[in-house]
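Protein chains in written order, with UniProt numbering: chain A, 1 to 326; chain B, 1 to 353; chain C, 1 to 602; chain D, 1 to 344.
Glycine included, every Cβ here is placed at the ideal spot set by N, Cα and C.
Fair warning: this is a prediction, and the values are worked out from it, not measured in the lab.
What follows is a single structure, written as structure tokens, with notes after it.
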Amino acid sequence: MLRFLVRRSLGAVVILFLLSIVTFLLFFGMPRDPALLMCGKTCTPANLENLHRVLGLDKPIPEQYWIFLTNLVSGSDGFAQGPCPAPCFGYSYHSNEQVWGTLMDRLPTTVSLTLGGAVFFLVIGLGTGLIAAWKRGTLIDKTFTGGAMVISSMQIYFLGPLALAILVYQTQIFDKPAYHDFTANPAAWFGGLIIPWVVLSTIFASQYTRMSRSSMIEQLQEEHVRTARAKGMSRRYVFFRYAWRGSLIPIVTIFGIDLGSLLGGAIITEYTFGLPGLGRLAVESVFFSDLPLLLGVMLFSATMILLCNIVVDAAYAFIDPRVRLA
Amino acid sequence: MTTLTKEAGAPVPAGADAFLSVRDLHVSFRTEDGVVRAVDGLSFDLERGRTLGIVGESGSGKSVTNLTILGLHNPMFTTVEGEILLEGQELTTARESELEKLRGNKVAMIFQDPLTALSPYYTVGRQIAEPYMKHMRASKKAAWERAVEMLDKVGIPNPGQRAKDYPHQFSGGMRQRAMIAMALVCDPDLLIADEPTTALDVTVQAQILDLLKDLQQEFGSAIIFITHDLGVIADMADDIMVMYAGGAVERGTVHEVLRAPQHPYTWGLLNSMPRLDSDPHAPLAPIPGTPPSLLHPPSGCRFHPRCTFQDRVGGTRCVTEVPLLGPDRSSACHLTADQKRTIFEEEIRPRLR
Amino acid sequence: MSRSERHVHAAIAVLAATALVLTGCSSGGSKGGGNDKEQQENAERQKALIEFGDAAASKGPAAEVPGAKSGGTISVPARDSYAHLDPAQIYVFNEMQVGLLLHRGLTGYKATSNDGSKHEVVGDLATDSGTTTDGGRTWKYTLKDGIKFEDGSAITSADIRHTFERQFAPFINQGPPYVQQWLADTPGADYRKLLPDGPFKGKHLPDSILETPDAKTVVFKFKKPRPDLPYALAMTGYAAVSQKGDTKEKYDKAPVASGPYKIQSFKSGKSMVLVRNTNWDPATDPIRHQYVDRFDITFNQQYEDSTKALVADSGVDRTSVSWQNSVDAGNLSKVLNDPKMKSRTVIGYQPYVGQININTSHKAMQDKKVREAIAYALPVSPFVRAYGGSAAMEVAGGIISPTVSGYDPSFDPWGKKKNPAGDPAKAKKILQEAGKVGTKLTFGYMNSQEGQAYSTAMAAGLEKAGFDVQRQEIPAETYFDQVSKLDNNYDIFHTSWGADWPSASTVIPPLYDGRAIAEGAQNYSQINDPKINSEIDRISLISDPAKAAAEWEKLGEYIVKDVVNIVPTAYYKQVQIAGSKIGGLVYDDVVGGVDPRRLYVK
Amino acid sequence: MTSPIGIEGGGTSVIADGEPPPNAKGEDEQLIGRSPGRLMWIRFKRDRTGVISAYVVIFFFLIGLLAPVISWLYGKNPYTVYADERPELFDSAGVPVQPNGGISGEFWFGLEPGNGYDVFTKLLYGIRTSLGIAVAVTLATVLTGIVLGVTAGYLGGRTDYWISRVIDFLLAFPAQLFFIASMPVVVSLFVSPRDETPVYVRVVALILVMWFLGWMSLGRILRGTTLALREREFIEAAKVSGAPPGRIIRKEILPNVVTPILVQSTYMLPNFVTAEAGLSFLGVGIVEPTPDWGQMFSKASTELVMQNDITYMFFPGVSMIIFVVAFNLLGDSVRDAFDPKTAR
């Protein structure tokens, strides 16, 4: 088991390494010369050259990549803007802030958004899914599954603006979503994120409703579940002890993936609600073609995804002894 | 002896000592394609300590019958008519809670594939202990000890340790033993074994069958043994009921049915079964045609579309009139008793030898 | 799920859909919309002139703001964080505002009325607005006594020399180029050749250009007369930088303050706290006050957020005011129509004027008929629309903004004020006469929501007149670099220009001087018209601002009406609101927004 | 579909030894000797929801195809700037002055706040654009999926290993982020940022980017299916009989992976539609004035609309919901039709 996890982690590192290469190459195909950006209004070719030198853009790409890696691992003082301790993604071209610092600044927003949302949609989604499966074929079931079907076909970029328009702009019931530091003011933190949470979790929950229902129903058809019934175990007992356990496996898988990609930046959500999280950061860094930042976000986000995958694998072991003892 | 002119569908008076008595059972499912009559007017009795073997091809309704006895059917889609009396208690109308008290306690079931039939998520011990805790109101500890004891009984070496294992750590045969232990943990009066050995290889089969027999001696419980393997039946059962398309077509003691089968379908079964002592060059004769659709069952004798002896009956009785089955040694066929005897003696037996 | 179940889904889908539609009703018309009469008066009032103040006027302390009290904290919501704090890098409106509190230059604007309309240029660090004996070639400044940086060190001529020499260093690339260009006497960016590395590699400007004979005297020596120097020096971009405190690139995040306030903490993108600078001596400062103890600036506050808070006016919001944020379109009518709120608002023009440049370096565009056709056909309404309607934009007639001396509201040669959607019919006629129907117009636009919106509509309008318009998007962040290339392939594109000081001398010469055509320069239309050039030279020499203004106005009208190298689109406007306990709230025309220097807590 | 017997709550097939459930036997009767395709078709036709959603989906595709015709009959196009043509209908900020986004007999779906495009025609053409792109991506991914998936599954060994690794690797990509980031890059492959970006380039870029991270799931499934098929008797038989791999794949394998392909693509296509819309929403996809579904959403999310004309956002919104729902229902039906045993 442990060996398994270690192996997976190593694999993740390899993937990250490859990813960094691909991303790095990708962004040095960027259409816009970052130096030109920094050069500003009164820019001369000489000045541009100089900037290229400062940014190290004149070096061959492999060398640039190598520098990037070494900085990442051991930090660097080579930056004009100042020292850059490991993990050093360098300084943003646009804001001249340390990339790692910026990432850490934006992280709380994304984490709050994601975890808050996750709590909502897991509880609602799994709950309704179980109820639907328990009451299979009844009106409740049909309402839940039908509703879930429709909602899961909605997009955040529709539901989000809609919620904003109605709750914020038209009725002015809520303030425009914003991130407030939890430690500073929990109430504001909650109030600022409630709409994004609701919208995000509504859409996700609907998917989890469908998933948990169907996987529950599959489980209920398992032979061992029928055996348990044949043993005289009560329906509730079998439902929760036997069927549910098994139904969790596909859900945990999906949840891991969702959580990972959300933690890596809930791009559209953050963009829609103007929340200063990693996703928004990513979009900004693209628009400013801010390579160090973009590279940072990409790798960070990928790390999140891989981490969550590993966590999921670990979770399997708890749910399914076959994995634990294999 | 049989009386072919018995009045249609009349319930046979339940034998006083009949422990389980199924009377004119009808089970049908609603499907999008229409109503499927999986069991259609089935009646049989079973006495304590005896073993009833039910033979028949897939879809003849044997498993359905037994699931229905335990009430393991989905009321949303299923309608059950007729009566199932267990020691005089009516099961078809019994409340879910009532049935739960019976299941695994008075009536236990062994399923075909022990791998899928055991939960991968819990230790074998726990799964055996569960029903004991529930039905015997036993403590966790007591139940566990009982589980270990049962595992020991079914011949699992070092049961104390193995009880802590998960099913996937068991071999196929051991799993089936565990299944049996689980079924017998509350020493049930009726044990329903639904093809318990089909998934196992021959040697293990034998062991399991012996085990079952020994245990039956010990617990004195009645067994309903479902299979499509006449060999196994010969070995296990006291009585045989041959089912076809949701109804019984022939019944009698093992000896009667296997030595002097009366129903063309039974003949077919025997034909299609290879034997060690039979001539290897003699071709096996499978039953022609396919099992009938239970959606639109054939009129008259359900077997007539596949029956090669219709002409012997003469007229259209086979197509129009439903042949009936008597309570004891009997078969549901319009052929006369003599015809049956002669046809078997002269046309079937030679092929079996 | 079973099929029967899916019937239900379908049904519910339909239900949900209809439900959505039913809730989707809205009343027409935007809830914004300004009040044009108001704005006109405003424009009238802003036709003020700015004189150069003498030594007397340059003496501190500044005249008290009526009813001003000392103490308290003002919180300042702002949308954009400050990308630059190094004065030499500051060329952006909101950074200039905070610059007013942090940095002092040789000269500055002193408000001579309490409504922010009248100003004169006075000495700030210097004892007067500058003395010249030879019509503006040589300018002499003497530093005041008791002027210090926040670290307590005195500000000497050495610091001033350093301030100007570092303007040439490569890492200084965002600030205004005027003085550098004048010192090097070259237009465009060539001035950098004068001192490629700035002062940092031991090289310095020769005394023939910048002379600092003693610790208190600074002398600028130009080849040509530069009567506007006092204006130029008043820009934050030329404020003093401490020589020993200069950390080069890092100075941009933590500058050494010389103004009444210093930076206590600055979290980029988050917040900034300004506190009193104890080493600032009011007696030396004729234009600044130090009423409040501290300013709490928080960034990422969108317009509608700050507006909502300020309108609600409760708790800390009562003592808060935004320097940068204006009232968002959605709340404009609410704010302007409620007298109680109106008393807390200020309305004014920003110094910017939008214009469509016609690239006269292209053969096809050199036909005046074509340019006239464009001028007639071009709809300016899309531009106004894209930026929020009449509350935020006012259709422009000429290129001289209402905030600049020499504005004439009645000037409207192409009838845009009457018919902002343009006059394609007339344009078509002209094109047909000239036989130029189907002329290809390559329209470069900024790749932003607004840019896309107005460019598509403008293109549609021009096409109606018979042009063949090719839109080409330009990434927002390289927009100016690209349109200011000499060999760019855009026939028309939009730019806006704000006067750096309230004189058309910071509008017309940089934009229309044919000799200023250079890579990256702002003569976007690349017009080289002898009359314009000669007029620029003539007017530049007029040292009396009033007379100059009148001349600039004439020249401006000549450009718009007779040269037609550009088509004015709109004057930028804004409405700002403050909490009820904010005192000294004034829309300062020179600042182009709320004047932070006068604010106090009631 | 649900089969009759089993414990309450979970329908399950009747018999333990895996014989087909009764209703399937029922079909066997009437469907004796029909090809799987026919069987599927018959089952599908029996599924009312499936058929209805199929009509809806077809309807959308027709709209897409016939957009020019429809708008010609309707007498408007999505490019006319009514805010300048008919200023009286708008205020200075470009918001329709009549209620409900200026819906009227003349403008059925009202006018778009801002430049005042005709919403009806804009929606038609928007659907056209988005569907076109989605279809293209689907085709591309299916092809890739088949090629790589089947190859990996059939050849197995080293090839399989590497293709699988590639799939894993690509799956680790933060997809959405990658889309956004690579769009400008891909565009720059075609045009220098100095020149105009023709619409088709953006389209191609969109297709490429989505294709690049779109094919893995299908590829995996096909690999699995092929892997399973490879062990099946008839393939063995074909091998033994010395048929060349190419032929085996063409004649034996491909026909047997049609089902997963069809089912998967009915699920993938709507995802691509929404993904494309998402990119345009974020401003890296299709831009004005080219009408596009997602771009209408980004318009709908502007303050101007949310503040003043909530009606506008319902046209793209509701139409997309209907489309996606219909498509998912269709997908379910197709799957059931192919494989009646699936119980969900």
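- Residue 325(B) has its alpha-carbon roughly 20 Å from the corresponding atom of residue 308(B).
- Where residue 349(C) is concerned, there is no enclosing alpha helix (DSSP H), although the beta strand (DSSP E) around it starts and stops at 345-358.
- For residue 37(B), the uninterrupted beta strand (DSSP E) run begins and ends at 34-47, by DSSP.
- Taking a contact as a CB-CB distance under 8 Å, the pair residue 269(B) and residue 55(B) counts as one, their CB atoms being some 7 Å apart.
- A contact is defined here as three or more CB-CB pairs under 8 Å, and the region 146-163 of chain A fails this definition with respect to the region 216-225 of chain A.
- Ranked by Cα distance from residue 270(D), the first of 40(D), 48(D), 52(D), 60(D) is 60(D).
- For residue 103(B), the closest Cβ of chain A is nearer than 7 Å.
- Residue 337(D) is positioned such that its CB atom lies closer than 7 Å to that of residue 43(D).
- Within its own chain, the residues whose Cβ lies closer than 6 Å to the Cβ of residue 189(B), once the five positions on either side in sequence are excluded, are 106, 221, listed in chain order.
- Of all residues in the region 261-285 of chain C, those with a C-beta nearer than 9 Å to a C-beta of chain A are 267, 268, 269, 270, reading in chain order.
- Contact annotation: residue 181(D) and residue 22(A) have beta-carbon atoms that are not nearer than 7 Å.
- Flagged as an interface residue toward chain A: residue 174(D), by a C-beta distance shorter than 7 Å.
- Neighbourhood of residue 79(D) in chain C, by CB distance below 9 Å: 456, 460, in chain order.
- Ranked by how close their Cα comes to the Cα of residue 109(C), the residues 234(C), 266(C), 85(C), 90(C) have 234(C) in first place.
- Within the region 303-318 of chain D, 306, 307, 310, 313, 317 place their CB atoms closer than 7 Å to a CB of chain A, listed in sequence order.
- At a cut-off of 7 Å between beta carbons, residue 385(C) contacts chain D.
- Residue pairing by DSSP places residue 85(B) opposite 21(B), 90(B) in a beta bridge.
- Taking 7 Å as the cut-off, the Cβ atoms of residue 353(C) and residue 399(C) count as close.
- Among the residues facing chain B, residue 218(A) is not included, as its CB has no counterpart in that chain under 7 Å away.
- Setting aside the 5 residues that flank it on each side, residue 274(D) is surrounded in the same chain by 320, 324, each with a C-beta closer than 8 Å to its C-beta; the list follows chain order.
- For residue 300(C), the chain A residues whose Cβ falls inside 7 Å of its Cβ are 276, in order along the chain.
- If you check each beta-carbon in the region 411-427 of chain C against every beta-carbon of chain D, the ones closer than 7 Å belong to 421.
- Within the region 53-112 of chain C, the runs of alpha helix (DSSP H) at least 4 residues long that lie entirely inside it are, in chain order, 93-102.
- At a cut-off of 7 Å between beta carbons, residue 231(A) contacts chain B.
- Here DSSP, grouped into helix, strand and coil, assigns residue 54(B) to strand.
- Around the beta carbon of residue 336(B), fewer than 16 other beta carbons lie within 10 angstroms, which makes this residue exposed.
- Residue pairing by DSSP places residue 188(B) in no beta bridge whatsoever.
- If you draw a straight line from the Cα of residue 130(D) to the Cα of residue 168(D), it is about 29 Å long.
- Contact of residue 281(D) with chain A is assigned, a C-beta pair being separated by under 7 Å.
- For residue 227(A), a Cβ of chain B is located within less than 7 Å of the residue's own Cβ.
- Taking 7 Å as the cut-off between beta carbons, the residues of the region 69-88 of chain C near chain A are 83, in sequence order.
- Secondary structure note for residue 540(C): its alpha helix (DSSP H) is the uninterrupted segment 530-540.
- In this structure, residue 235(D) places its C-beta atom within 7 Å of the C-beta atom of residue 229(D).
- The C-alpha of residue 372(C) lies about 51 Å from the C-alpha of residue 106(A).
- Put simply, the CB of residue 256(A) is far from chain D, with every gap to its CB atoms at 7 Å or more.
- Within a 10 Å sphere around the beta-carbon of residue 113(D) sit 16 or more other beta-carbons, which makes this residue buried.
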